[in-house]
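The next block holds one structure in the form of structure tokens; read it before the comments.
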Amino acid sequence: MVAQAWLWTSLTVALTFILTLVNGNSEGDALFTLRKSLSDPDNVLQSWDPTLVNPCTWFHITCNQDNRVTRLDLGNSNLSGHLVPELGKLEHLQYLELYKNNIQGTIPSELGSLKSLISLDLYNNNISGTIPPSLGRLKSLVFLRLNDNRLTGSIPRELSNVSSLKVVLNGQKLKAVNYLSCISRDVSNNDLCGTIPTSGPFEHIPLNNFENNPRLEGPELLGLASYDTNCS
């Protein structure tokens, strides 16, 4: 009986170890694909060694107790290049911080698979293309900052379904207790078009969070259908 219990415990430990290796390698592969797509003159990604068991020992990566990647912190790191679809495989990722770099190209629609994502900070880059409607699937999303890029197209109405989005009034000395639980939703300084949504999390967003988008109109009239006629 003791021998059977010992065998069962050993098998459980071995299986857990194997799953950790598989998950770690999968996430490590995704992150290393990102590294290969980026130019890194300051060598901030030097520790990203694909031969290691998992990426939890890499700098700028945070993992949970199960060795799953939860944070990617590469803001203001003098990186250039583009984002990769493989980022969508980091299913436990909560914070994706790549602000103040020179990231180019488009936002991969695969980021809509990051169901645990709380913060997506891509501001102050050189990102072009449209905002993927798939981001509307990120029901845990709280921080979405895309300002100061070269984004075009309309603001996806799917984002109105993300009820966790709220607003920080930048520059205001708010006294509310729940100030830190509010979010900043800022898409200023792009080339977005169409009308400004007014439903869901967009209802109380100050208009200066949409400024310097010459083709953006609105806010759209409540109760009327919206047509993004100037996006052609």
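According to mature numbering (1 follows the signal peptide of the UniProt record, and there is no 0), the sequence shown holds residues -24 to -1, 1 to 208 in order.
Note that CB positions come from ideal geometry on N, CA and C, so glycine has one too.
Only a predicted model underlies this, so the values are computations on that prediction, with no experimental measurement involved.
Quick check on residue i: does DSSP put it in helix, strand or coil?
i, result
"Ser130", "strand"
"Leu120", "strand"
"Thr9", "helix"
"Leu33", "The question names Leu, but residue 33 is Thr in the sequence shown. Correct three-state label for Thr33: helix."
"Leu111", "helix"
"Gly105", "strand"
"Leu135", "helix"
"Gly51", "coil"
"Ser140", "coil"
"Ser2", "helix"
Assign residue i to one of two classes, buried (16 or more other C-beta atoms within 10 Å of its C-beta) or exposed (fewer than that).
i, result
"Arg126", "exposed"
"Asn101", "buried"
"Val29", "exposed"
"Thr27", "exposed"
"Ser130", "buried"
"Asn40", "exposed"
"Pro190", "exposed"
"Asn166", "buried"
"Asp124", "buried"
"Glu187", "exposed"
"Ile103", "buried"
"Phe35", "exposed"
Give me the residue from the options with the minimum Cα distance to residue i.
i, options, result
"Pro17", "Ser53, Gly4, Thr46, Asp42", "Ser53"
"His58", "Arg11, Ser89, Glu67, Leu69", "Arg11"
"Gly112", "Asn40, Thr128, Leu87, Asp49", "Leu87"
"Ser136", "Gly129, Asn123, Pro109, Leu63", "Pro109"
"Leu117", "Thr128, Arg191, Asp97", "Asp97"
"Leu55", "Val45, Leu72, Asn77, Asn19", "Asn77"
"Leu93", "Glu73, Phe35, Glu3", "Glu73"
"Leu81", "Ile107, Ser89, His68", "Rather than Leu, the amino acid found at residue 81 in this sequence is Gly. Residue Ile107 is the option with its Cα nearest to Gly81."
"Arg44", "Ser23, Asn185, Pro190, Leu69", "Leu69"
"Phe119", "Tyr75, Asn165, Trp34", "Tyr75"
"Thr128", "Thr9, Ile83, Gln22, Ser2", "Ile83"
"Asp5", "Ile37, Glu62, Arg133, Trp34", "Glu62"
"Asn185", "Ser23, Leu122, Gly170", "Leu122"
"Pro31", "Gly51, Leu66, Lys91", "Leu66"
"Val20", "Tyr99, Pro132, Leu48, Ser95", "Leu48"
"Ser140", "Lys91, Thr171, Ser13", "Lys91"
"Ile37", "Glu3, Leu114, Ser89, Ile79", "Glu3"
"Ser85", "Tyr71, Ile79, Ser95, Val60", "Val60"
"Ser13", "Ile79, Gly64, Thr46, Thr33", "Ile79"
For the beta strand (DSSP E) containing residue i, list its first residue and its last residue.
i, result
"Arg44", "Neither: Arg44 is in no beta strand (DSSP E) and is coded neither H nor E."
"Gly57", "56 to 58"
Just to confirm, does residue i get its C-beta within under 7 Å of one of the non-hydrogen atoms of the ligand HEM?
i, result
"Asn137", "For the ligand HEM, the structure offers nothing, since it holds no ligand at all."
Fill in: Complete beta strand (DSSP E) runs within the segment 64 to 94 (minimum length 3 residues, chain order)
Taken in chain order, the complete beta strand (DSSP E) segments of 3 or more residues contained in the segment 64 to 94 are 71 to 73, 78 to 80.
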